[in-house]
Structure formats: structure tokens, C-alpha cells
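Asker: What follows is a structure written as C-alpha cells; I'll ask about it next.
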Amino acid sequence: MKNNWSFRIGRALLIAGTVAIIAGCSSVTVRNPETAGAYAAGTNPETNRRTVDTYFWGSNIDPEDQPFFAEDAEHGGIHEVVVHRNWGNDLISVLSLGFWQRTDIEYVPATQDVPGGDFPE
Amino acid sequence: MPNLHPYELDQPTTLEGWHQAFSVTNTGIYRQKSDLQIPTSVAAQLDQYKKKTLAIMELVKDAMAQGPGAEFRAYGSTWSLSPLPVSTGRQLETARSNRILRIPPSLHRAAFKRDHPDGSIYLVEGGCTLAVLNRFLFREGQSIMAAGTNNGQTVTGAASTGTHGGAFKFGSVHDSIMALHVVVGSDRHILLQPKSAPAVSSKVAKNLDAEVVEDDELFYAAQMGLGCFGIVRGVFLLTRPLFLLHGELTYFDYDSTLKTFLNSLDVSAIALPQTTPDLYHLGFVLNPNDGGNPHRVAIHTYYEEPYHDDYEPPEPKQGEGLTSGGLEVMSAVMPLLSIWPLSTLVRDQLNQQVSERYPAGKKITGTIFELFRSEANVGPTFASGVAVPLDRVSDAIDTIFGTYASFGKLLPILIEGRYIKQTKALLGTGQDPISCVIEVDSIQNDLIFEFMDQVCANLEQNGIPFRPHWGKFNRCLIEPQDPGRLMRKQWGTKVDRWIAARKTVFPDPQLRHLFTNEFIRQVGLGD
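From first to last, the protein sequence lines stand for chains A and B. Here my numbering is used: the first residue of the first sequence is 1, the next is one more, and so on. Here my numbering is used: the first residue of the second sequence is 122, the next is one more, and so on.
Now the structure itself:
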């Protein structure tokens, strides 16, 4: 009987934890319409990831992250930015009462340059 | 319903500037459709450029149909710290209108070849940012002539607000505009260039289906058009072969010798470091919180030399550790900074930040593209700039310091100065042979606005001519009891000449009103 209760409690915690983790994952995507067709379907453009921490309820940030520069965006633009939040990020915020907040950011540099050319004579 | 393609009318929107310096609700924004293909061939680029021009004329008609008080104004990056680009009427978003085409030498006019033997011309579409342009030109082995400290503005926005650097032998961004392609009505678009120095052949206008207008007075009014000469489709921009700048920061005591230098630019007066014979950019930095007196001045020199690749380009600027939210907090607590012991702590912290940002002997080398980019500050920043004649620079500095001393409150401010050559643009800020634009930068708060109001009043009281930067703090130009008084005092008859030029371009009062906004009318330039 005791083992049965332990199993039930363990199973409930496992389900609750899984649900919490799944429910705690979210992402928002911003895409540059000018480069929307820059990557063919099925290709895997280079994705850059960075985790950014802010402190003092968002008022302070590591200078290296403010702003952080997409140095490998050699073609002068960003194709896509995805901001991720997950359960771990939220847990950090909750336990620190918002003092420390963590965000995961992904970005894909644009591929297309301004084409240029000579004005016709 | 007119055919607005490739634009569509979006709902009324509150536009907040990049630096949160304004927030204005319009009656709708014409936005370029997001599914518009990006052309690559020159023919396709030109075709799209021309189709957009025709569409914008339709937008003018659509905006005019809103009634007698209608407004229509283009905006770019909303980089400005003044409300110049925004309107309570219709707005045109110019983002993604960023084609760039080189004008081949065969289409250059003789006057241009005479005046700029090493120069090239590019047709830059109105929504192209300086960041995109600089990167493009770098690839072409070319460079813009002058730049501000960062590159988020559109070329049109930077030019229309008088953005400048310290190119005291050249001028500001707008001085590199050789000709303009502008939509000036629902059935008219013109290629405007000065008659005395035409830059491009009439074949260019023919290929754009534009009417040629060659007129000095109209061109130099529209060169600093403040968004009031129609919708700028493209600018014909002067460029030069790519070059390197060697920057160095040297500290001097603020004594009579240095004042002589600041008021004359006589480089023999002080021992400036000299990397090459050609000094390109000159500026200075003062920290008014460092002892309360301008006893140390950091002189910023940039010497130029032809481009080579044997150098280490600088890393992009990093921020100060404050997010937008952090700046908002700083803005909110600014009135408390003067209270002891907070005042001591804050003053020490400010001085430490300035010392770290401007270390003595700091050297840097790069192209304009690499040096002047990467705006580090986001959030409610404050910036101001007033152009004063060369011989009054130290008087202006003393006036600002005197105002700060009597203001009696601690402000997180930094004072910078950059020298510019005289412009031909009627309402350009650099109206003297050489001017110095003295800037006070900070974080937005009522206190800083109050302080700058006093600075402007004291400059005027002390008889120091000053012309505020069009893209920064300039509310001192707004005088409801006597609109245009300060404008006329500082710019003289050029104000009326600028207004007359608009009447020539837009004989119809409704059309003339269409390309204004409340700010323009408040400073007495409406009609």
C-alpha cells in the first residue's frame, strides 16, 4: 500500500514537472520581411545563440550584452531573431523575486546585400 | 480607392522615437508590402524604384483627400531626438527603400568633375540607413564624406536634421548631397540640383521620368528641407575613395592657451599629436562634474590617410551597463541625485565612467564605416547641440559651465564639441565659416530640459549666436508668444528665403501645409 502511494506521488510529480517544463517553454520570433526568402526551405542557416542576464529588476546588464553585436551579420542585417523563455529562466526569476532574469536569444544573420550596380546611361 | 501598390495603409499608430524622445499618434502609416520581391538586376531595381515613386504620388493624393488640415510626412529610423519626423496626420514608412546605384562618370556634369575630381556619386534611396550605405560603400572602396557618431539614421533623416561629425574642412552629412529626387505633389516629382554646380546629367532625370529643376535657391533650401520639401525618393550623394582615420585623445588644461586654440583652431597653439599631415576631424570632451570647472579638456583628433589594410579595426562600442529600463530608473531618480550622500557617490561614479570612456592617449584607427557606428545607448537618452561661431567657443563653454554652477543640481551630463565647415544649406546649423557644435548629452528628465532652457537663454543673453541641431533638443526655438523670433535672430533673412522657396515649390497652400507638422509651424516655418 505504501509503495503504491509512493508510486502515485512520484508519478504525479513527474507529470507535474513535465507539464511545468513544457508549459514553461515559449519563444517569440521576429523575422525581417526583406530577407524572408533568403534561405531556401530545408536549408540550415547558421544560428547564433546567446544567453543574456539582467540584474536589479532589469535595470542592469553586462556591458558586453548591451547591446550585443551580431558581428557575423556580415551582410548588414539580421534575418531572424528568436527570444526563448524556459522553465529554468522563469525559476531563476521567481526565486530571485525578479532581481535576476535570464533570456536565451537566437539570431540568424541576413544573407542578402544591397545589390548595387551602375545607373543606366 | 487609389491604387497604393506597393504600399498599404496601416491603422493609426503611436510612433515612439528610437531614443524615446517623442511619442505621436498619426492617422495611419503607409507601409511597403512585406511580400515585395527584392530586385537584383539594375533594370529591375530601377523599375521598382520608379513604381514606388508613382505609388508615392498616389499616397500624396490619398493624404490630401483627408482635408485642408491634412499632413503627410516620411519617417525613417525615428532616430531623431526632436519631433521633426513625426506627424499627427499620415506617415510614410521608408524602411526597406534602400536601393543604391552608382552614377557612372559619363553621367557626371562638368561642374561636378571640376569641383570633385576624386568624387563619385551614388543615388541612394530615401530609406537607406547609414549603416547599410557604409557597408555597401566599403565594398565599393568608397566612403561617405562626413558622419555623425553613429549610423542608425537613414541618409535622408541624417541630412534633413543636420547630422554632423567633426569634418571641419568639409561639413555635415547634408553637404554631401549633390542633387535630390523628390516627390512634390500628386502629379510631380523633380530632380533638383543647384544651377551653379549641377552634378548629374539630365539623362538621369529622364531615366527616372523626373522633371529637372536646376535652381540654387530651391536646392539649398531643400538640402536642409526638414521634411518640408516633399517626400525624398533619393539623394545623389558625393563619396570619396575609402580612407583611414587615426584617432587620438589628448588632455589639456583649460587655460588661455587652450581657449586660443578652441577659438581659432590654430594647431600651432598647442602640442597636438600628429599622425599624418591631414587633420580631418576635431572635437573635444568636457566633464562638468569633474570639479565643477572645465579644467581638463580632452581633444579628439582624427588624421586621415589613404586606405590600406594594415591596421586593426576597432571593436564596436559597448554599452554602459544600463538597459532601457535602467535609463528609465536613472531618469526617474535624477531629482534625488543632488541629495547628500547620494550626490557624492553618483559624482564619483560619473567621473569614473567618463575616465574609462575617454582615457588619455587612447588611439583608434579605422574607416568611417568602422569608427562611427553601433549606437550603444537605448532608452530615454537626451542629446542637444548648438552651433556657435568659432571665435565664441570658449564663451559658450563658459556660459554652459556658469549655468550649471548656478543651476545647483547634480546632472549626469557630458559636454562635447565638434567643428564643422560652413554650409550652403539655408537652414543648416553651420552658418559661420567654421562653427563648433557644442553638445550636452544626458538622460531624459524634466531637470535636463529645464537646464538646457536656461543654457539657451544665457547664450542669448551673453550675445553668443547659436543655432540648435534640428535632430536634437531644440524646444528653445518654440516661442508661442512670438513664433519664429529666435529662428529669425539666428538665421536672419534665410528663414524667409526658405519659406519663399517652399512657396515656389508648392504654390498650393494645402500642399504646402501637407508637408509640415506641428513642430515646423511652432518654430515659425509653417508658411
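C-beta: ideal position from N, C-alpha, C; glycine also.
Have a look at Val163(B) and Gly197(B) and give me their C-alpha separation to the nearest angstrom.
Answerer: 24 Å
Asker: For Val450(B), go through chain A and note every residue whose CB falls closer than 7 Å to its CB, in chain order.
Answerer: Ser59
Asker: Beta-carbon of Thr161(B) versus every beta-carbon of chain A: anything under 8 Å?
Answerer: yes
Asker: Just to confirm my understanding: we take Asn60(A), look at its own chain, exclude 5 residues before and 5 after, and list those with CB closer than 8 Å. What are they?
Answerer: Thr54
Asker: Quick one, which of Phe257(B), Leu358(B), Phe572(B) has its alpha-carbon nearest Pro456(B)'s?
Answerer: Phe572(B)
Asker: Taking Glu106(A) as part of the beta strand (DSSP E), name the residues at either end of that continuous run.
Answerer: 101-109
Asker: Residues in the region 88-106 of chain A with C-beta within 9 Å of chain B's C-beta atoms, listed in sequence order?
Answerer: none
Asker: At the 8 Å Cβ level, is Phe490(B) part of the contact set with chain A, yes or no?
Answerer: no
Asker: When you compare the CB of Val253(B) with every CB in chain A, is at least one pair closer than 8 Å?
Answerer: Taking Cβ atoms only, chain A reaches closer than 8 Å to Val253(B), which makes this a yes.
Asker: If you reduce the DSSP assignment to three classes, tell me which class Met299(B) lands in.
Answerer: Note: Met299(B) maps to strand in three-state DSSP.
Asker: Have a look at His367(B) and Lys484(B) and give me their C-alpha separation to the nearest angstrom.
Answerer: The alpha-carbon of His367(B) is positioned some 7 Å away from that of Lys484(B).
Asker: Gly37(A) to Ile159(B), Cα distance in whole Å?
Answerer: Per-residue confidence for Gly37(A) stands at a pLDDT of 46, beneath the threshold of 50, marking its modelled position as unreliable; the derived number appears in the next sentence. Gly37(A) and Ile159(B): Cα-Cα distance of roughly 9 Å.
Asker: Alpha carbon to alpha carbon, how far is Trp612(B) from Ile555(B)? Give it in angstroms, no decimals.
Answerer: 15 Å
Asker: Is it right to say Trp5(A) is buried, meaning 16 or more other beta carbons lie within 10 angstroms of its own, or is it exposed?
Answerer: exposed
Asker: Going along chain A, which residues have a C-beta under 7 Å from Ile221(B)?
Answerer: Within chain A, the residues near Ile221(B) are Val114, Gly116.
Asker: If you follow the beta strand (DSSP E) that Gly149(B) is part of, which residue opens it and which one closes it?
Answerer: Element bounds for Gly149(B): 149-153.
Asker: Are any of the Cβ atoms in chain A nearer than 8 Å to that of Ser227(B)?
Answerer: yes
Asker: In terms of residues, what are the limits of the alpha helix (DSSP H) holding Val334(B)?
Answerer: DSSP places Val334(B) outside any alpha helix (DSSP H); the residue lies instead in the beta strand (DSSP E), whose first and last residues are 332-335.
Asker: Out of His302(B), Pro480(B), Asp648(B), Glu137(B), point me to the one whose CA is closest to Leu244(B)'s CA.
Answerer: Among His302(B), Pro480(B), Asp648(B), Glu137(B), the Cα nearest to that of Leu244(B) belongs to His302(B).
Asker: What in chain A is Cβ-close to Lys624(B), meaning under 9 Å?
Answerer: Within chain A, no residue comes near Lys624(B); the closest Cβ sits about 32 Å away, beyond 9 Å.
Asker: Taking only beta-carbon atoms, is Pro120(A) less than 8 Å away from chain B?
Answerer: yes
Asker: Check whether the region 174-183 of chain B and the region 306-315 of chain B touch, using three or more Cβ-Cβ pairs below 8 Å as the test.
Answerer: yes
Asker: Mind checking if Gln166(B) is an interface residue toward chain A, Cβ cutoff 8 Å exclusive?
Answerer: yes
Asker: Please go through the same chain and pick out, in chain order, the residues whose beta-carbon is closer than 6 Å to the beta-carbon of Ala195(B), but skip the five residues on each side of it.
Answerer: Leu213, Thr215, Ile352
Asker: Near Ile585(B), which residues of its chain fall below 7 Å by C-beta distance, leaving aside the five closest residues on each side in sequence?
Answerer: Val509, Arg513, Asp516, Ala517, Thr520
Asker: What did DSSP end up calling Ala40(A) once you bin it into helix, strand or coil?
Answerer: With a pLDDT of 39 at Ala40(A), under the threshold of 50, the modelled position of that residue is not reliable, and no figure is offered here.
Asker: Output the distance between the C-alpha atoms of Leu607(B) and Pro601(B), rounded to the nearest integer angstrom.
Answerer: 11 Å
Asker: Looking at the C-beta of Val475(B), does it have a partner C-beta in chain A at a distance below 8 Å?
Answerer: It does not: the Cβ of Val475(B) has no partner Cβ on chain A nearer than 8 Å.
Asker: For Trp619(B), tell me which candidate among Leu646(B), Leu635(B), Arg588(B), Arg211(B) has the shortest Cα-Cα distance.
Answerer: Leu646(B)
Asker: For Asp574(B), which residues in the same chain have their Cβ closer than 7 Å to its Cβ, ignoring the five residues on either side in sequence?
Answerer: Cys597
Asker: Where Gln169(B) and Arg354(B) are concerned, what is the direct C-alpha to C-alpha distance, given to the nearest angstrom?
Answerer: 12 Å
Asker: State the Cα-Cα distance for the pair Ala41(A) and Val108(A), rounded to the nearest angstrom.
Answerer: Only weak support exists for where Ala41(A) lies, its pLDDT of 38 falling under 50; the coordinates are left without a value.
Asker: Confirm, please, whether the CB-CB distance from Glu369(B) to Leu397(B) is below 8 Å.
Answerer: Reading the sequence as shown, one finds Thr at residue 397(B) and not Leu. Not a contact, by the Cβ cut-off of 8 Å.
Asker: What does the alpha-carbon distance come out to for the pair Gly440(B) and Gln474(B)?
Answerer: With a pLDDT of only 49 at Gly440(B), under 50, the local geometry of the prediction cannot be trusted, and no value is derived from it.
Asker: Please name the residue in Met266(B), Ser281(B), Ser317(B) whose C-alpha comes closest to that of Gly292(B).
Answerer: Met266(B)
Asker: Put Gly440(B) into one of helix, strand or coil per three-state DSSP.
Answerer: Reliability fails at Gly440(B), whose pLDDT of 49 lies under 50, so the model's placement of it is uncertain and the value that follows must be treated cautiously. It is coil, neither helix nor strand.
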